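Asker: My questions all concern the structure below.
2 protein chains.
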Amino acid sequence: MKEDNVPERAIGVFDSGVGGLTVFKELMHRLPGEELIYLGDTARVPYGTKSPATVLRYALEAAAFLVEKKVKMLVVACNTASSVALAALEERFNLPVIGVIEPGARKAVAITRSRRVGVIGTEGTVKSGAYTRAIQNLDAAVEIHSTPCPLFVPLAEEGWAEHPVALLTAQEYLGPLAGAGIDTLVLGCTHYPLLKNTLHQVLGPAVELVDSAEETALNVARVLADRGLTRRDPPGPPRFFVSDIPTRFERVGGAFLGTPLQGVEQVTLD
Amino acid sequence: MKEDNVPERAIGVFDSGVGGLTVFKELMHRLPGEELIYLGDTARVPYGTKSPATVLRYALEAAAFLVEKKVKMLVVACNTASSVALAALEERFNLPVIGVIEPGARKAVAITRSRRVGVIGTEGTVKSGAYTRAIQNLDAAVEIHSTPCPLFVPLAEEGWAEHPVALLTAQEYLGPLAGAGIDTLVLGCTHYPLLKNTLHQVLGPAVELVDSAEETALNVARVLADRGLTRRDPPGPPRFFVSDIPTRFERVGGAFLGTPLQGVEQVTLD
Chain V
1 MKEDNVPERA IGVFDSGVGG LTVFKELMHR LPGEELIYLG DTARVPYGTK
51 SPATVLRYAL EAAAFLVEKK VKMLVVACNT ASSVALAALE ERFNLPVIGV
101 IEPGARKAVA ITRSRRVGVI GTEGTVKSGA YTRAIQNLDA AVEIHSTPCP
151 LFVPLAEEGW AEHPVALLTA QEYLGPLAGA GIDTLVLGCT HYPLLKNTLH
201 QVLGPAVELV DSAEETALNV ARVLADRGLT RRDPPGPPRF FVSDIPTRFE
251 RVGGAFLGTP LQGVEQVTLD
Chain W
1 MKEDNVPERA IGVFDSGVGG LTVFKELMHR LPGEELIYLG DTARVPYGTK
51 SPATVLRYAL EAAAFLVEKK VKMLVVACNT ASSVALAALE ERFNLPVIGV
101 IEPGARKAVA ITRSRRVGVI GTEGTVKSGA YTRAIQNLDA AVEIHSTPCP
151 LFVPLAEEGW AEHPVALLTA QEYLGPLAGA GIDTLVLGCT HYPLLKNTLH
201 QVLGPAVELV DSAEETALNV ARVLADRGLT RRDPPGPPRF FVSDIPTRFE
251 RVGGAFLGTP LQGVEQVTLD
């Protein structure tokens with residue numbers, strides 16, 4: 001592959017929909033010298049309520065699309081897909097694959113003092129036990145309290161992340177966690193950073209919220225450096241692809257990316 | 001087709017997921033002599049936030065699966081798919097196709113006295129304008145107030161249809177409708193019948209809620225009779241197929257069907 005000048009290739013990022021844009025935003029911010037491609041599988045979103053086998057199939061198809069675009073690295077900007085598909089993606093494709101679970105777990109273990117960590121995510125992510133495994137691999141003494149929060153995704157997509165409905169929902173979901181003495185909460189879904197204010201209102205300011213996006217971007221930078229894959233030429237602009245028509249993605253995605261989204265292209269994955 | 005004894009064939013019903021089970025329940029109740037097959041496209045649910053072109057593609061694939069099973073009639077037990085795919089399904093397949101829009105519209109026009117009708121549904125259904133067209137075709141003088149209620153689907157699937165979160169959400173969505181003098185509200189999504197108590201709490205007992213399921217079942221019975229398609233032999237038990245693994249469908253679907261769900265089979269549609 002040397003003759004292709006691999007470092008000059010783009011980094012491919014995929015998610016089930018708009019959520020991964022919180023990770024993409026962090027990559028744009030921390031790695032301004034890299035060229036980035038985003039793929040949102042909006043025709044089949046969400047992944048979080050679907051079975052591991054189905055999510056795995058979708059993740060392989062999404063990754064194949066990006067590999068076809070000749071990316072040098074895959075970033076799985078979706079907790080559910082990272083939970084169930086990371087090993088299979090590494091096995092199938094001959095390039096570095098970075099998920100969002102490991103970076104979030106590492107940060108949580110680094111900052112907790114009470115050694116009691118909360119984890120919230122989709123049904124699929126929580127059921128997979130991926131965060132529990134990742135955290136306990138790093139420190140078996142950490143006590144983990146995890147709970148699925150299925151309504152947080154539609155609330156964030158509705159633009160209601162700070163609405164009284166979101167507050168009431170968070171009180172219901174997080175009540176048991178608030179009583180468990182956690183000092184750290186892993187936001188195990190890329191939509192959840194939008195709910196930070198609401199989560200702080202329920203858990204109090206003393207509980208630290210771990211957003212994997214930042215840690216994932218640092219991890220990407222580290223792997224690029226370690227493998228001599230850091231880009232040298234000025235990058236082209238970021239490109240965005242989705243599997244359903246772009247209208248809704250452009251409208252909803254702006255809030256996740258923190259900047260208006262335009263020029264999104266539609267592609268077929270299945 | 002005569003030699004196949006068409007009346008003895010099953011009726012095929014499809015939806016994006018569990019919602020259509022509210023229609024299926026009514027068909028089981030009103031047509032106990034008919035054999036019924038249900039297909040839920042749970043690997044790609046929901047349809048309500050996706051584009052008309054994507055929903056059309058999925059609906060054609062779902063219908064093709066049922067036609068392959070040799071059904072005598074297709075019931076589109078999904079408002080979003082009925083809104084955008086009915087004409088294409090009728091054109092593609094040589095059998096009667098019954099949707100849920102027309103029956104709901106007919107009932108609303110029949111019962112409204114104030115001639116002011118509310119319509120709630122998914123983003124896709126409301127944007128399509130299908131209810132507005134259907135109601136105004138029947139009576140151009142009826143004033144229609146429609147609004148999308150995207151969070152009602154995840155709330156019903158979470159089992160929170162009568163939770164304080166659902167009440168607060170309904171107050172937010174229906175505030176404008178409550179002030180518009182409507183006396184009839186069309187539940188333009190198969191999930192919404194589960195929220196009837198909550199909707200009555202917000203709109204008051206005087207507003208009539210139109211659930212298409214009942215009207216659709218009556219329509220199916222009428223078409224079967226008109227075309228000489230009513231079954232004579234005792235039917236086999238209902239069969240259920242889904243495109244993702246059945247676990248979640250069986251768990252969530254029971255509340256929609258009003259009876260426990262078992263023996264659901266997984267199939268591939270794409």
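Heads up: the protein sequence lines correspond to chains V and W, in order. Note that the UniProt record's numbering numbers the first sequence so that position 171 is 171, with each residue one more than the last. Note that the UniProt record's numbering numbers the second sequence so that position 141 is 141, with each residue one more than the last. Think of the CB as a built atom: it goes at the ideal place given N, C-alpha and C, for glycine as much as any other residue. The structure displayed is predicted, hence computed values, not measured ones.
1) Whole angstroms is fine: what's the gap from V/Asp-244's alpha carbon to W/Val-55's?
2) Residues in the same chain with beta-carbon distance under 6 Å from W/Thr-49, minus the five sequence neighbours each way, listed in chain order, please.
3) Could you spell out where the beta strand (DSSP E) holding V/Pro-148 opens and where it closes?
4) Would DSSP call W/Phe-152 helix, strand or coil?
5) Measure the alpha-carbon distance for V/Ile-135 versus V/Ala-77 and round it to whole angstroms.
6) Using the beta-carbon count (16 or more within 10 Å), is V/Asp-41 buried or exposed?
7) Which runs of the alpha helix (DSSP H) spanning at least 4 residues fall entirely within the segment 136 to 217 of chain W, listed in chain order?
8) Along chain V, which residues have their Cβ under 9 Å away from the Cβ of W/Ile-120?
9) Are there 16 or more other CB atoms within 10 angstroms of the CB of W/Val-267, so buried, or fewer, so exposed?
10) Could you say which of W/Ala-108, W/Arg-57, W/Val-126 and W/Arg-106 lies nearest to W/Arg-92 if we only look at CA atoms?
11) From W/Gly-253 to V/Leu-31, what does the alpha carbon distance come to, in whole angstroms?
12) Can you pull out the residues from the segment 46 to 59 of chain W whose beta carbon lies closer than 8 Å to at least one beta carbon of chain V?
13) Should the segment 160 to 176 of chain V be called in touch with the segment 125 to 143 of chain V, which here means at least 3 C-beta pairs below 8 Å?
14) Interface residues of chain W around V/Thr-169 at Cβ under 7 Å?
15) Would you list the one or two residues that DSSP bridges to W/Tyr-38?
16) How far does the alpha helix (DSSP H) with W/Arg-248 in it extend, from its first residue to its last?
17) Does the distance from the C-beta atom of residue 271 of chain V to that of V/Leu-203 stay below 8 Å?
18) Output the distance between the C-alpha atoms of W/Asn-94 and V/Lys-25, rounded to the nearest integer angstrom.
19) Taking contact to mean 3 or more Cβ pairs, one atom from each stretch, closer than 8 Å, check whether the segment 255 to 265 of chain V and the segment 15 to 24 of chain V are in contact.
20) State the Cα-Cα distance for the pair W/His-200 and W/Thr-259, rounded to the nearest angstrom.
21) For chain W, is any of its Cβ atoms less than 8 Å away from the one on V/Glu-265?
22) Grab me the residues of W/Lys-2's own chain with a C-beta within less than 7 Å of its C-beta, minus the 5 sequence neighbours each way, in chain order.
23) Once the 5 residues before and after V/Ala-225 are set aside, which same chain residues still bring their CB inside 7 Å of it?
24) Buried or exposed: which applies to V/Arg-232, given that a residue is buried once 16 or more other Cβ atoms fall within 10 Å of its Cβ?
25) Using the Cα positions of W/Glu-90 and W/Ser-146, report the straight-line distance between them to the nearest angstrom.
26) Run through DSSP, which three-state label would W/Val-109 get?
27) Considering only the alpha carbon of each residue, which of V/Asn-5, V/Ala-10, V/Ala-43 and V/Glu-68 lies closest to V/Pro-237?
28) How would you write the range of the beta strand (DSSP E) that W/Arg-116 sits in, first residue to last?
29) Output the distance between the C-alpha atoms of W/Leu-261 and W/Glu-250, rounded to the nearest integer angstrom.
30) Just to check my reading of the structure: W/Ile-98 and W/Val-220 have Cβ atoms closer than 8 Å, yes? What is that Cβ distance to the nearest angstrom?
31) Roughly how many angstroms lie between the CA atoms of W/Pro-7 and W/Val-109, to the nearest whole one?
32) Measure the alpha-carbon distance for W/Val-119 versus W/Asp-183 and round it to whole angstroms.
33) Per the DSSP calculation, W/Ile-98 is bridged to which residue(s)?
34) If we count the other Cβ atoms within 10 Å of its Cβ and call it buried at 16 or more, is V/His-29 buried or exposed?
35) Hey, does W/Leu-74 have any beta-carbon neighbour from chain V nearer than 8 Å?
36) Is the Cβ of W/Ile-37 closer than 8 Å to any Cβ of chain V?
Answerer: Considering the structure as presented:
1) 10 Å
2) Glu-123
3) 143 to 148
4) helix
5) 19 Å
6) buried
7) 152 to 157, 164 to 178 and 196 to 203
8) Chain V residues near W/Ile-120: none, gap ~15 Å exceeds 9 Å.
9) exposed
10) W/Arg-57
11) 46 Å
12) Thr-49, Lys-50, Ser-51, Ala-53 and Thr-54
13) no
14) Val-165
15) W/Val-13 and W/Phe-240
16) 247 to 257
17) Here chain V has residues from 1 to 270 only, and residue 271 of chain V is not among them.
18) 50 Å
19) yes
20) 24 Å
21) no
22) Note that W/Lys-2 scores 47 on pLDDT, short of 50, meaning its location in the model is unreliable and no value can be drawn from it.
23) none
24) exposed
25) 27 Å
26) helix
27) V/Ala-10
28) 116 to 121
29) 5 Å
30) 6 Å
31) 32 Å
32) 11 Å
33) W/Val-75
34) exposed
35) no
36) no
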